[in-house]
Amino acid sequence: MARPTSTLDPFAAVAEPRRRRVLETLAGKELPVNDLVGLLGWNQPVVSKHLGVLREVGLVSVRHDGRQRLYSLQGEQLKPIHDWVTNFEQFWGERLDVMNDYLRDMQKREEKKSPK
Amino acid sequence: MSTSPSSMPPKKEDLVVTRIIDASVELAWKAWTDPEHVMRWWGPKYYASPSCKIDLREGGKFLFCMRAPQDQGGQDMYNTGVYLRIVPMQRLEFTMSLSDKEGNVIDPAAIGMPAEFPKEVRMVIEFKSIRDDMTELTVTEYDWPVSPMFVYALAGMQQSIDKLAVSLK
């Protein structure tokens, strides 16, 4: 399904596998670009490019520590995506549970009508 | 042999819910395709949905209504969609969107959902007969932009970090 490629869209940002790698590598840490370059094994312009997009959608933030710029993960922007996933499972889980209760009763009534 | 996308195995970005239903596959199929039966479960627990229209053919439309409980406002919410593929007792494939009571698709943002929520999703319901009185039912929502596992993993990591940050203050 084609999605509009707005750089201000967290969904679009994490749809790119390389950006997911950046987020996974950053999670729980605060790292300068050079450390990320070393951990990811990509060249610096590529890392910076993806960091730029992630900063734009608010998934990554920067803190200045002396001469260093330290990047870290900001998970709040993932909340709509996270909610969408949990809502889907909750919604359909509940629907199917209600359906199952209803069908179980129907099945029992049908079996009573024509016992095998 | 069909080579449509619907016959490909689900990717990790697809959302899947599976249930064992304690009824025959014929009854499970009826539950999804006969309006009288759909109305019995398409709604919050203990509430039948007030209306349901189904034109069961490929290209036909459906309109389901769900009524919120009185203590949550009691308003009606409509879903509409088009049946894409119908294989009786096996597979029901359709699109689904929010709509008004006439079946006109509405933008989720218009009722306060975040911009990322898709206006239309593609869904497949698969029915597998296990026994005369048992069916495995799978609900899949396709083409989700990112793997749910990835989201949970990151959310989990972030929550532990936040908790740690709070405890260190």
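For the protein sequence lines, the chains are A and B, in the order given.
If you want our numbering, it's the 1-based position in the first sequence plus 3.
If you want our numbering, it's the 1-based position in the second sequence plus 1196.
Positions of the beta carbon are idealized from the N, C-alpha and C atoms, including for glycine.
Would you mind telling me which residues of chain A sit closer than 7 Å to residue i, beta carbon to beta carbon, in chain order?
{"i": "B:L1223", "result": "L106, M109, Q110"}
Does any residue of chain A have a CB that is nearer than 8 Å to the CB of residue i?
{"i": "B:V1320", "result": "no"}
{"i": "B:A1264", "result": "no"}
{"i": "B:V1301", "result": "no"}
{"i": "B:V1278", "result": "no"}
{"i": "B:E1289", "result": "no"}
{"i": "B:E1337", "result": "yes"}
{"i": "B:K1365", "result": "The predicted model places B:K1365 with a pLDDT of 48, which falls under 50 and marks its position as unreliable; any figure quoted below should be read in that light. Answer no: the Cβ-Cβ gap between B:K1365 and chain A never drops below 8 Å."}
{"i": "B:D1210", "result": "no"}
Which chain B residues are close to residue i, counting only those with a beta carbon under 9 Å from its beta carbon?
{"i": "A:G96", "result": "V1213, R1215"}
Mind listing the chain A neighbours of residue i? Cutoff is C-beta to C-beta under 8 Å, in chain order.
{"i": "B:D1218", "result": "N103, L106, R107, Q110"}
{"i": "B:E1254", "result": "Ordered by position in chain A, no residue passes the 8 Å Cβ test against B:E1254, which lies about 20 Å from the chain."}
{"i": "B:A1227", "result": "M102, Y105, L106"}
{"i": "B:D1329", "result": "Q110, E114"}
From residue i to residue j, what distance separates their C-alpha atoms?
{"i": "A:Q80", "j": "A:R22", "result": "14 Å"}
{"i": "B:C1248", "j": "B:Y1274", "result": "9 Å"}
{"i": "A:G61", "j": "A:L43", "result": "21 Å"}
{"i": "B:S1203", "j": "A:S117", "result": "Reliability fails at B:S1203, whose pLDDT of 47 lies under 50, so the model's placement of it is uncertain and no value is given."}
{"i": "A:G31", "j": "A:F91", "result": "27 Å"}
{"i": "B:I1302", "j": "A:L76", "result": "34 Å"}
{"i": "B:M1292", "j": "B:Q1268", "result": "24 Å"}
{"i": "A:W45", "j": "A:L29", "result": "15 Å"}
{"i": "A:R24", "j": "B:T1229", "result": "43 Å"}
{"i": "A:T89", "j": "A:D108", "result": "29 Å"}
{"i": "A:V50", "j": "A:V56", "result": "10 Å"}
{"i": "B:Y1338", "j": "B:V1317", "result": "7 Å"}
{"i": "B:T1331", "j": "A:Q110", "result": "12 Å"}
{"i": "B:M1197", "j": "B:V1283", "result": "In this prediction, B:M1197 has a pLDDT of 41, which is less than 50 and means its spatial position is unreliable; what the coordinates show is noted afterwards. B:M1197 and B:V1283: Cα-Cα distance of roughly 14 Å."}
{"i": "A:R66", "j": "A:D86", "result": "28 Å"}
{"i": "A:E114", "j": "B:D1328", "result": "10 Å"}
{"i": "A:S64", "j": "A:R58", "result": "6 Å"}
{"i": "B:E1254", "j": "B:T1276", "result": "14 Å"}
{"i": "B:R1263", "j": "B:G1308", "result": "18 Å"}
{"i": "B:K1297", "j": "B:V1212", "result": "28 Å"}
{"i": "B:D1210", "j": "B:C1261", "result": "25 Å"}
{"i": "A:W95", "j": "A:E33", "result": "38 Å"}
{"i": "B:S1245", "j": "A:R112", "result": "22 Å"}
{"i": "B:L1252", "j": "B:W1225", "result": "12 Å"}
{"i": "B:H1233", "j": "A:F14", "result": "36 Å"}
{"i": "A:L39", "j": "A:G69", "result": "19 Å"}
{"i": "B:V1278", "j": "B:F1258", "result": "6 Å"}
{"i": "B:G1270", "j": "B:G1239", "result": "12 Å"}
{"i": "A:L26", "j": "B:V1221", "result": "44 Å"}
{"i": "B:T1334", "j": "A:G78", "result": "31 Å"}
{"i": "A:V101", "j": "B:M1235", "result": "11 Å"}
{"i": "B:L1280", "j": "B:G1299", "result": "17 Å"}
Quick check: is the beta carbon of residue i nearer than 8 Å to any beta carbon in chain B?
{"i": "A:E33", "result": "no"}
{"i": "A:E59", "result": "no"}
Which residues of chain A have a Cβ atom closer than 9 Å to the Cβ of residue i, listed in chain order?
{"i": "B:L1333", "result": "L99, M102, N103"}
Between the segment 1214 to 1234 of chain B and the segment 1319 to 1332 of chain B, can you find at least three pairs of beta-carbon atoms closer than 8 Å? yes
Is the segment 1221 to 1237 of chain B touching the segment 1278 to 1291 of chain B in the sense that three or more CB pairs, one from each, lie closer than 8 Å? yes
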